[in-house]
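**Q** Have a look at the structure that comes next, please.
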């Protein structure tokens with residue numbers, strides 16, 4: 025029976041991979057169910073991107089190094105078939121790589137595919153979705169409660185915590201499922217951060233604490249600021265403000281019959 029050399033690290037990596045994938049799929053389905061079809065299907069498509077790239081890369085490897093009809097057992101066998109079940113295969117390889125050294129490189133490759141081809145696009149896409157105000161019902165009510173608390177806090181003395189506690193006091197458990205959108209965004213951030221650290225620290229055999237203290241804030245800033253800049257695109261904000269102003273401001277013609285009537289008739 026195999027025993028992992030670093031069981032805690034293997035367990036954390038497995039949990040991060042499984043939870044990140046599960047929350048991404050759940051967010052995409054919830055966006056579709058909340059009538060945000062374009063964004064929901066885009067989120068679900070990002071979950072399929074590493075599968076397509078992994079299969080295409082493996083087929084290219086077979087054609088280039090083994091020939092399309094070659095007979096080499098190592099280079100031309102159907103290694104692309106497990107990649108059709110990429111997420112299950114990656115979860116298995118993360119666990120197996122802790123026991124068998126020969127599978128560590130394969131597990132690291134699959135984890136890098138997940139971080140760069142699924143979590144990174146999800147992080148950018150979901151940052152744009154959240155900052156554009158496309159929210160699942162529970163998150164939408166939470167954002168409105170926070171905004172009202174911030175606007176009326178100076179006059180009424182209502183804090184954000186008071187507003188959130190009043191909002192959630194009688195809500196059923198299924199209401200909190202709508203906050204999965206925030207959890208998916210947070211886990212995508214952690215997954216990209218873990219992949220960047222692993223990819224850049226691959227050649228180093230010793231991972232000291234002071235190196236991690238320097239690396240983690242650098243990479244946090246390095247991919248948080250671009251996501252925030254893309255989400256807060258001023259062109260998108262101007263379009264949103266113009267569309268909102270058109271809805272609020274009615275257009276009247278010079279005809280007196282189309283002018284708004286007063287309360288006295």
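Numbering (the numbering used here), first residue to last: 25 to 289. Glycine residues also receive a C-beta, built at the ideal position from the N, C-alpha and C atoms. Every value quoted in this text rests on a predicted model; they were computed, and no experiment measured them.
Between which two residues does the alpha helix (DSSP H) carrying residue 199 extend?
**A** Run containing residue 199: 197-200, per the alpha helix (DSSP H) assignment.
**Q** When the Cα atoms are used, what is the spatial distance from residue 203 to residue 162?
**A** C-alpha separation (whole angstroms): 6 Å.
**Q** Using the C-alpha atoms, what's the distance from residue 82 back to residue 35?
**A** The straight-line gap from Cα to Cα measures roughly 28 Å.
**Q** With DSSP collapsed to three states, give me the class of residue 157.
**A** Coil.
**Q** Which residue from 147, 67, 120 and 49 puts its Cα closest to that of residue 212?
**A** When each option's Cα is compared against that of residue 212, the closest is 147.
**Q** Nearest-angstrom Cα distance between residue 185 and residue 167?
**A** For residue 185 and residue 167, the distance between alpha carbons rounds to 12 Å.
**Q** Within the chosen definition, does the region 65-81 reach the region 137-144 through at least 3 CB pairs nearer than 8 Å?
**A** Result yes; three or more Cβ-Cβ pairs closer than 8 Å.
**Q** With DSSP as the reference, label residue 105 as helix, strand or coil.
**A** Looking at residue 105 - three-state DSSP - the assignment turns out to be coil, as it is neither helix nor strand.
**Q** With a threshold of 6 Å on Cβ separation, who are the neighbours of residue 191 within its own chain once the five nearest residues in sequence on each side are excluded?
**A** Excluding residues within five positions, the ones whose Cβ falls inside 6 Å are 169.
**Q** Beta carbon of residue 142, beta carbon of residue 244: below 8 Å?
**A** Not a contact, by the Cβ cut-off of 8 Å.
**Q** Between residue 153 and residue 198, what straight-line distance do the alpha-carbon atoms span, to the nearest angstrom?
**A** So the alpha carbons of these two residues sit roughly 22 Å apart.
**Q** If we count the other Cβ atoms within 10 Å of its Cβ and call it buried at 16 or more, is residue 44 buried or exposed?
**A** By the 10 Å Cβ count, residue 44 comes out buried.
**Q** What span of residues does the alpha helix (DSSP H) with residue 138 cover, start to end?
**A** Per DSSP, residue 138 belongs to the alpha helix (DSSP H) from 128-138.
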